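First residue of the sequence shown: 59, per the numbering used here; consecutive thereafter.
Backbone N, C-alpha and C fix where the C-beta goes; we use that ideal spot for every residue, glycine too.
Given the structure is predicted, the values throughout are model-derived calculations rather than measurements.
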Amino acid sequence: MEKLPWGRLRGVRPSKQLHRLLDIGLDYTEAFKRMQVNEGISSEKFKLLWQVARISRPIVEESSLPDLFSVYISIPFCPSRCHYCSFPAHSLKELAIWRSRYLDTLLYEIRTAGQLTEKLQLRPYSFYLGGGTPTSLSPAELDNILSALRLAFPGTVREFTVEAGRPDTITHEQLAILKKHGVTRVSVNPQSMHNETLKKIGRCHSVEEAYRAVKQVQSSAFPVLNMDLILGLPEEDEAMVRKSVHDVLSLSPTNITLHMFSRKRASLFSEEQARFHLPDKALAAAMYRTAVGLLSPTYHPYYLYRQHGILGDLENIGYCLPETECFYNIVMIEERQHILGLGCGATNKFIYKDLSLKNLVSPKDIQTYLEKAAELCRRREHELTKAKLTVRAQSEKY
Ligand code: SF4
Numbered sequence: 059m060e061k062l063p064w065g066r067l068r069g070v071r072p073s074k075q076l077h078r079l080l081d082i083g084l085d086y087t088e089a090f091k092r093m094q095v096n097e098g099i100s101s102e103k104f105k106l107l108w109q110v111a112r113i114s115r116p117i118v119e120e121s122s123l124p125d126l127f128s129v130y131i132s133i134p135f136c137p138s139r140c141h142y143c144s145f146p147a148h149s150l151k152e153l154a155i156w157r158s159r160y161l162d163t164l165l166y167e168i169r170t171a172g173q174l175t176e177k178l179q180l181r182p183y184s185f186y187l188g189g190g191t192p193t194s195l196s197p198a199e200l201d202n203i204l205s206a207l208r209l210a211f212p213g214t215v216r217e218f219t220v221e222a223g224r225p226d227t228i229t230h231e232q233l234a235i236l237k238k239h240g241v242t243r244v245s246v247n248p249q250s251m252h253n254e255t256l257k258k259i260g261r262c263h264s265v266e267e268a269y270r271a272v273k274q275v276q277s278s279a280f281p282v283l284n285m286d287l288i289l290g291l292p293e294e295d296e297a298m299v300r301k302s303v304h305d306v307l308s309l310s311p312t313n314i315t316l317h318m319f320s321r322k323r324a325s326l327f328s329e330e331q332a333r334f335h336l337p338d339k340a341l342a343a344a345m346y347r348t349a350v351g352l353l354s355p356t357y358h359p360y361y362l363y364r365q366h367g368i369l370g371d372l373e374n375i376g377y378c379l380p381e382t383e384c385f386y387n388i389v390m391i392e393e394r395q396h397i398l399g400l401g402c403g404a405t406n407k408f409i410y411k412d413l414s415l416k417n418l419v420s421p422k423d424i425q426t427y428l429e430k431a432a433e434l435c436r437r438r439e440h441e442l443t444k445a446k447l448t449v450r451a452q453s454e455k456y
């Protein structure tokens with residue numbers, strides 16, 4: 059029988075397990091032995107996990123205080139829908155009728171969550187505006203959301219990310235608004251540096267637009283710039299992956315996130331996949347090695363996660379230059395801090411003292427979200443209060 063590099067570890071977040079072993083003081087050899095016996099993990103994957111855990115550990119430790127929380131805001135609109143996407147992302151044209159009602163409801167959720175965290179005396183740690191494509195909103199809409207966020211959760215945060223995502227939505231006006239509200243990390247996601255691939259995956263922007271957007275972000279001097287690439291896109295080969303990674307490296311972003319392509323049932327691509335050639339396991343592994351090899355001398359892996367249906371049974375990895383790790387990504391993967399997920403399709407995480415957690419997921423469908431928003435706020439209040447009270451009661455016991 060084929061030996062799987064991740065062994066029996068089927069979960070999305072393998073680094074969580076290693077951090078648990080570090081909590082009880084195991085060193086490299088002891089932790090590897092434990093994960094090899096219990097999970098059948100290979101030495102190669104353990105080495106990668108160890109690198110990730112070593113780099114993320116200080117952030118895991120500082121972010122695990124029970125009175126901290128991070129906020130994720132979902133803007134589920136995009137200029138058009140990419141064929142491989144399974145996020146709650148709706149084409150702006152199709153959903154123009156929902157736009158203003160959605161934003162009003164989101165503002166209500168932000169205000170309500172702000173009152174709740176003030177009442178419970180919790181402190182914000184990081185903000186993440188994702189989606190969708192937040193920069194597909196008009197500058198005035200973006201300004202409104204960010205003003206409401208800042209007002210609802212006052213204080214200094216460790217990091218504020220905006221996933222600009224689609225290069226064709228980024229303008230100087232949008233960037234000036236992000237600057238005004240203290241955004242510290244911007245993500246521009248070309249996915250591939252080949253126009254023919256972008257066309258095949260329905261991305262509706264060009265490589266030239268990615269260059270332009272990156273230069274604009276860099277001229278606005280945000281401390282951290284992330285760029286996402288997907289490896290194993292339809293009909294790409296290893297040489298194409300090499301060129302994409304080279305081109306992204308030539309732009310010197312502080313973070314580069316490598317995703318392996320994965321088939322998603324909710325994507326348009328799943329209907330079309332018969333038309334396109336996807337790499338087999340060996341080619342996917344070769345692409346991965348090439349990309350990782352090009353990044354490795356300079357960039358360090360600081361978070362990783364796995365997905366169902368991911369090519370080659372591999373993993374998605376966030377790389378960074380030293381001291382530019384994304385705090386939110388670590389918090390979200392390691393699940394030791396409350397996350398308030400506001401908006402359509404967002405996930406709330408309520409963490410208990412024993413590190414068990416409860417998830418509360420908002421509906422992905424905009425109409426259902428609008429109908430359920432008030433109920434969601436009530437449930438969030440109930441769950442977060444319960445988690446906070448449990449922490450207090452348990453702390454008294456120890
Ligand atoms: S830009 Fe991102 S969120 Fe929007 S459709 Fe494409 S992949 Fe999905």
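Out of the options, point me to the one whose CA is closest to residue i's CA.
i: GLY401; options: SER184, TYR160, THR242 and HIS335; result: TYR160
i: ALA297; options: LEU341, GLN173, TYR360 and GLY98; result: LEU341
i: GLU119; options: GLN395, LYS91, PHE104 and ASP423; result: GLN395
i: PRO72; options: ALA89, SER320, ASP423 and ARG224; result: ALA89
i: ALA437; options: SER264, PHE185, LEU174 and LEU283; result: The sequence shown places Arg at residue 437, not Ala. It is LEU174 whose Cα lies nearest to the Cα of ARG437.
i: THR214; options: LEU336, ARG169 and PHE127; result: PHE127
i: GLU293; options: GLU102, PRO337 and MET251; result: PRO337
i: THR382; options: ARG347, TYR360 and HIS366; result: TYR360
i: GLY403; options: ILE424, LYS301, ARG115 and THR87; result: ILE424
i: HIS77; options: VAL389, GLU439, LEU442 and GLU199; result: VAL389
i: SER320; options: SER308, GLY367 and VAL282; result: GLY367
i: SER114; options: THR348, HIS358 and ALA343; result: HIS358
i: PRO137; options: ARG208, THR312, THR193 and TYR269; result: THR193
i: LEU372; options: SER100, ARG92 and GLY83; result: SER100
i: LEU165; options: ALA234, PRO380, ALA210 and GLU231; result: ALA210
i: PHE218; options: THR315, ASN313 and VAL129; result: VAL129
i: ASP125; options: ARG208, TYR427 and ILE397; result: ILE397
i: LYS61; options: GLN94, LYS416 and PRO225; result: GLN94
i: ASN202; options: ILE133, PHE145 and MET251; result: ILE133
i: ILE228; options: THR191, ARG208 and THR255; result: THR191
i: CYS140; options: THR170, ILE82 and HIS263; result: HIS263
Reducing DSSP to helix, strand and coil, say where residue i ends up.
i: PHE145; result: coil
i: ASP295; result: coil
i: CYS262; result: coil
i: LYS455; result: Residue confidence is low: LYS455 scores 41 on pLDDT, short of 50, so the model does not pin down where it sits. Its coordinate-derived value is still stated next. In this structure, LYS455 counts as helix in the three-state DSSP scheme.
i: MET93; result: helix
i: THR315; result: strand
i: ILE288; result: strand
i: ARG66; result: coil
i: CYS140; result: coil
i: VAL303; result: helix
i: ARG71; result: coil
i: PHE104; result: helix
i: ASP162; result: helix
i: THR175; result: helix
i: ILE113; result: helix
i: LYS151; result: coil
i: VAL215; result: coil
State the beta-bridge partners of residue i as determined by DSSP.
i: HIS396; result: PHE127
i: VAL244; result: VAL220 and LEU283
i: GLY188; result: SER132
i: LYS416; result: PHE408
i: ARG181; result: LEU126
i: SER320; result: ILE368
i: GLN249; result: LEU287
Using a beta-carbon distance below 7 Å, is residue i in contact with chain D?
i: LYS91; result: Absent from the structure: chain D. Only one protein chain is present.
Considering only residues of the stretch 338-407, which uninterrupted beta strand (DSSP E) runs meet the minimum length of 3 residues and lie entirely inside it, listed in chain order? 358-363, 374-378 and 396-400
Report all residues for which the CB-ligand distance to some heavy atom of the ligand SF4 is below 6 Å; order them along the chain. CYS136, ARG139, CYS140, CYS143, PHE145, ALA147, GLY189, GLY190, THR191, GLY223 and ARG224
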